[in-house]
Amino acid sequence: MVGEKYLTFLEIVLPTFLLDVLVDIRQGILFQHDGAPTLYANSVVINWPKTLVRNGLGEEVLSLGHQSHQINSPLITSFMGSEGAMKRLVYETSVDSDVDLIARVSVATGKVRGLFGIIQNVR
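Numbering (our numbering), first residue to last: 13 to 135.
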């Protein structure tokens, strides 16, 4: 995936996945990227914070424990362990197209969503 496609995902596709998420929950969502070159493309680095804030996700600077990190910091995590499951589900086999990637992310999101209930019970 190239930076422009990833930015399209952040600006157009991701917000549609979050339409049914309440605003107060959406504002608490933090995202982690894995440091892949796509995530450091100039268009993504420049626009990601604006895109997330515009869609009601998090704040420009987020606090993680006693440290503050920029919203595009690789130290910020969202899935707290389920990101590995998400990656495995999405990238089990080669991704053939943008449509294939979007479909896989959608299916994986549904499967991973159940993990949050398990995590809530552990707390």
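Cβ atoms here follow ideal geometry from the backbone N, Cα and C, with glycine treated the same way.
(message) Quick check on the burial criterion: 16 or more other C-beta atoms within 10 angstroms. Buried or exposed for Y103?
(response) exposed
(request) Would you identify the three-state DSSP class for R125, choosing helix, strand or coil? (result) helix
(request) Would you please verify whether the beta carbon of V119 is less than 8 Å from any beta carbon of chain C? (result) In the structure shown, chain C cannot be found, because there is only a single protein chain.
(request) With a 10 Å radius around its C-beta and 16 neighbouring C-beta atoms as the bar for buried, classify A120 as buried or exposed. (result) Burial call: buried.
(request) Confirm, please, whether the CB-CB distance from V107 to R116 is below 8 Å. (result) yes
(request) Alpha carbon to alpha carbon, how far is I114 from V25? Give it in angstroms, no decimals. (result) 8 Å
(message) Here's the rule I'm using: 16 or more other beta-carbon atoms within 10 Å means buried, otherwise exposed. How should L19 be labelled?
(response) buried
(message) For L22, count the other beta carbons within 10 Å of its own beta carbon; 16 or more makes it buried, fewer makes it exposed. Which is it?
(response) buried
(message) I need the straight-line Cα distance from F29 to S118, nearest angstrom please.
(response) 8 Å
(message) Rounded to the nearest angstrom, what separates V35 and D112 at their Cα positions?
(response) Rounded to whole angstroms, the gap between the alpha carbons of V35 and D112 is 28 Å.
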